[in-house]
Amino acid sequence: DARFSGVSTGACIGHVGPEALSGGPIGKVRDGDLIQIVVDRNQLTGSVDLVGDGEREFTPAEGADVLAARTPRPDLAPDPQLPDDTRLWAALQRAGGGTWGGCVYDVDRIVAALDAGLKQLDGE
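All the letters of the sequence shown, read from the start, carry residue numbers 932 to 1055 under the numbering used here.
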């Protein structure tokens, strides 16, 4: 997508979704965690798994269970000084279901969320 054109060589991760503030697993990663990244260049597939927590190592399936049981990091909070355009983008991401679908917005879901919110504000 040209984000890293001419800047990186080898594997480079440019975005993790869904974001931590949207409840994504990245918000449950702790200092000392061991993350395994596997990329199959022939099949163009990959995986990112928690495989250790600093004290012990475990399988990707066990790591998924560990992440599922964790609460989000207590220090996660929106930046109170985010610019308006960034806040609007974040709201669209949230209303549209996050980044699971890539960069494509779920317009119907966003419109439904706006309609429901407007009805609530209007006291309907």
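Beta carbons are placed, not taken as given, at the ideal position from N, Cα and C, and that holds for glycine.
Identity of the residue in the options nearest residue i by Cα
i: D1039; options: G1027, D980, K1050; result: G1027
i: P991; options: L1007, L1049, D980, L1013; result: D980
i: E950; options: R1001, R987, D971, A1021; result: A1021
i: Q967; options: Q974, R1025, I944; result: I944
Whole-Å CB distance - residue i paired with residue j, under 8 Å assumed
i: L998; j: V982; result: At roughly 11 Å, the Cβ-Cβ gap does not stay under 8 Å, so L998 and V982 are not in contact.
i: L1019; j: G958; result: Not really, about 22 Å apart at Cβ, beyond 8 Å.
Spatial neighbours of residue i in its chain, beta-carbon cut-off 7 Å, leaving aside the 5 residues before and after
i: V969; result: G977, S978
i: P956; result: L998
Straight-line gap, residue i to residue j (C-alpha atoms, nearest Å)
i: F989; j: V960; result: 15 Å
i: G994; j: D1037; result: 31 Å
i: L1023; j: R987; result: 39 Å
i: L1013; j: R1025; result: 16 Å
i: L1049; j: R1001; result: 35 Å
i: V1035; j: Q974; result: 23 Å
Check whether residue i and residue j have beta carbons under 8 Å apart
i: L1045; j: P1009; result: no
i: T941; j: G963; result: Inspection of the sequence shows that residue 941 is occupied by Gly rather than by Thr. Cβ atoms of G941 and G963: not closer than 8 Å.
Beta-carbon contacts of residue i that lie in its chain and below 6 Å, excluding the five residues immediately before and after
i: P1011; result: none
Close Cβ partners of residue i (< 8 Å) along its chain, the five nearest in sequence each way excluded
i: V1042; result: none
i: G954; result: P1003
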